[in-house]
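Structure first, commentary second.
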Amino acid sequence: MCGMIGSYSDEYRRGEARRTSKSFSDDPGGKDRHDLPAGVKAAVLVEALPYIRRFWGKTVVIKLGGRAAEDRASLQSFADDLVAMRSVGMKPVCVHGGGPQIGQLMERLGKVPEFREGLRVTDAETLDIARMVLVGKINRDIVGAVNVHGPLAVGLSGEDAGLLLASAVDPDLGFVGSVDRVDPTIIERLLAEGLIPVVATIGSDSSGQPYNINADVAAGALAEALGAEKLVFLTDVEGLMRDLADPTSLVREVTVSELSSLVDSSSIGGGMIPKAKTCIKAVQNGVGRAHIADGRVAHAILLEIFTDEGVGTMVIPDEEGMGVASVGADE
Ligand SMILES: Nc1ncnc2c1ncn2[C@@H]1O[C@H](COP(=O)(O)OP(=O)(O)OP(=O)(O)O)[C@@H](O)[C@H]1O
Ligand SMILES: [Mg+2]
Numbered sequence: 062m063c064g065m066i067g068s069y070s071d072e073y074r075r076g077e078a079r080r081t082s083k084s085f086s087d088d089p090g091g092k093d094r095h096d097l098p099a100g101v102k103a104a105v106l107v108e109a110l111p112y113i114r115r116f117w118g119k120t121v122v123i124k125l126g127g128r129a130a131e132d133r134a135s136l137q138s139f140a141d142d143l144v145a146m147r148s149v150g151m152k153p154v155c156v157h158g159g160g161p162q163i164g165q166l167m168e169r170l171g172k173v174p175e176f177r178e179g180l181r182v183t184d185a186e187t188l189d190i191a192r193m194v195l196v197g198k199i200n201r202d203i204v205g206a207v208n209v210h211g212p213l214a215v216g217l218s219g220e221d222a223g224l225l226l227a228s229a230v231d232p233d234l235g236f237v238g239s240v241d242r243v244d245p246t247i248i249e250r251l252l253a254e255g256l257i258p259v260v261a262t263i264g265s266d267s268s269g270q271p272y273n274i275n276a277d278v279a280a281g282a283l284a285e286a287l288g289a290e291k292l293v294f295l296t297d298v299e300g301l302m303r304d305l306a307d308p309t310s311l312v313r314e315v316t317v318s319e320l321s322s323l324v325d326s327s328s329i330g331g332g333m334i335p336k337a338k339t340c341i342k343a344v345q346n347g348v349g350r351a352h353i354a355d356g357r358v359a360h361a362i363l364l365e366i367f368t369d370e371g372v373g374t375m376v377i378p379d380e381e382g383m384g385v386a387s388v389g390a391d392e
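Count along the sequence shown from 1, add 61, and you get the number used in our numbering.
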């Protein structure tokens, strides 16, 4: 890392050396951190210091994917990281998805999930299921895991205090919403009180009709409205891959223009499409950096934000790019 702290251009460029990240299956409770030699612990803290100074008081929106919220150990580790970020002066805002959990409850209730171009066809009953799972289950689970550390997290739905004003994306898809407007006031008030907002992405229109909004899109809209320093997606892959079948093709750093070409080139599919498009839009609209990282890796956000190497993909504005997307160390 370069010496001058305070400008993005020298803030951090990724070195070629990559940290060997531990997954939850390697280390379910993170217990072996107690075995680290004191010198290593001190070195980690020293490496983190410039980042802590840089991000003091800054808002970071973190979107947790549904699969990353599925098991108890990863959820608790994620919650610990939110509290750690707050403890070093950052203002974390959590936005969560829940695709797999919605699908599971639909199946238990005898409904067959149907997707068109990656979006879930959402009739009134499916909307009720999505709302129950997102607001009533996953949101509560995250809030509960954070509040193990004290009364810090407040869970809310995009329907609360006019946070996410929505309308139908396409009448054929039913109650799938797009974000028409974000009123971030309630989030700003919670952050000013030192609380950690946890947002389920159900929005509503002006008549009170709820809509299920893609959580990536909602997280991006919220990051823009809050003028966030960072938008971090925690998902179930290492990051953005040039070729999903090739594990050495992780893109570590990419400019907005380069990412737009990748989206057009069809090397990105499924749930990565809204993520990539949201990264592009958010960085174009003033969010400092967008990141896509592996939520299955223990303490992925801390590694992404507070270490030189990072663990996933970082999306930067064009003017800060060096011209070529940097890809995994094997290339
Ligand atoms: N080029 C690519 N690089 C990485 N992942 C890709 C790529 N193309 C498609 N994908 C798929 O995108 C998926 C991640 O999106 P997905 O919507 O499934 O998860 P999520 O958004 O984290 O969770 P949720 O939808 O519950 O909020 C990966 O599991 C992978 O299969
Ligand atoms: Mg998704």
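Ideal Cβ placement from N, Cα and C applies to all residues, glycine included.
Taking 7 Å as the cut-off, is the CB of M302 close to at least one heavy atom of ligand 1?
-> Sequence index remark: in the sequence shown, residue 302 carries index 241 (1-based). Answer for M302: yes, Cβ within range of ligand 1.
Below 8 Å, can you find three or more Cβ-Cβ pairs linking the stretch 230–245 to the stretch 278–286?
-> yes
Cα-Cα separation between V372 and G205, rounded to whole angstroms | Taking the sequence shown and counting its residues from 1, one reaches residue 372 at position 311. Taking the sequence shown and counting its residues from 1, one reaches residue 205 at position 144. If you take the alpha carbons of V372 and G205, they lie about 27 Å apart.
Check whether the stretch 289–307 touches the stretch 263–275, taking contact to mean three or more Cβ pairs, one atom from each stretch, closer than 8 Å.
-> no
Any heavy atom of ligand 1 closer than 7 Å to the CB of S328?
-> Your numbering for residue 328 matches position 267 in the sequence shown. Checking every heavy atom of ligand 1 against the Cβ of S328, one is found closer than 7 Å.
Sort out for me which residues DSSP pairs D355 with in a bridge.
-> For the purposes of this step, residue 355 is taken as the residue at position 294 of the sequence shown. According to DSSP, D355 bridges with T296.
Tell me whether G160 counts as near ligand 2, meaning its Cβ is closer than 7 Å to at least one heavy atom of that ligand.
-> Along the sequence shown, read from residue 1 onward, the residue named residue 160 stands at position 99. Under cutoff, so the answer is yes.
With a 10 Å radius around its C-beta and 16 neighbouring C-beta atoms as the bar for buried, classify L170 as buried or exposed.
-> Taking the first residue of the sequence shown as 1, we reach residue 170 at position 109. Answer is exposed; the Cβ neighbour count stays below 16.
Pull up the distance between the alpha-carbon of N346 and that of I377, whole angstroms please.
-> Mapped onto the sequence shown, residue 346 falls at position 285. Mapped onto the sequence shown, residue 377 falls at position 316. Answer to the nearest angstrom: the Cα atoms are 12 Å apart.
Please work out which residues of its chain come closer than 6 Å, Cβ to Cβ, to V230, disregarding the five sequence neighbours upstream and downstream, and give them in chain order.
-> Position 169 of the sequence shown holds residue 230. Within the same chain, V230 has close Cβ partners V237 and S239.
Under 7 Å from any heavy atom of ligand 2, does the C-beta of S132 make it?
-> As a position in the sequence shown, residue 132 is number 71, starting the count at 1. Looking at the sequence provided, one finds Asp at residue 132 rather than Ser. Not so, every heavy atom of ligand 2 lies at least 7 Å from the Cβ.
Can you tell me whether DSSP reads M146 as helix, strand or coil?
-> As a first step, residue 146 must be located in the sequence shown, where it is residue number 85. Helix.
State the beta-bridge partners of I366 as determined by DSSP.
-> Taking the sequence shown and counting its residues from 1, the one referred to as residue 366 is at position 305. None, per the DSSP bridge assignment.
Relative to ligand 1, is the shortest distance from any of its heavy atoms to the C-beta of R128 smaller than 7 Å?
-> The residue labelled residue 128 in the question sits at position 67 within the sequence shown. Checking every heavy atom of ligand 1 against the Cβ of R128, one is found closer than 7 Å.
Kindly indicate the opening and closing residues of the alpha helix (DSSP H) around T309.
-> Mapped onto the sequence shown, residue 309 falls at position 248. Taken as a continuous stretch (DSSP letters only), T309 belongs to no alpha helix (DSSP H), as it is neither H nor E.
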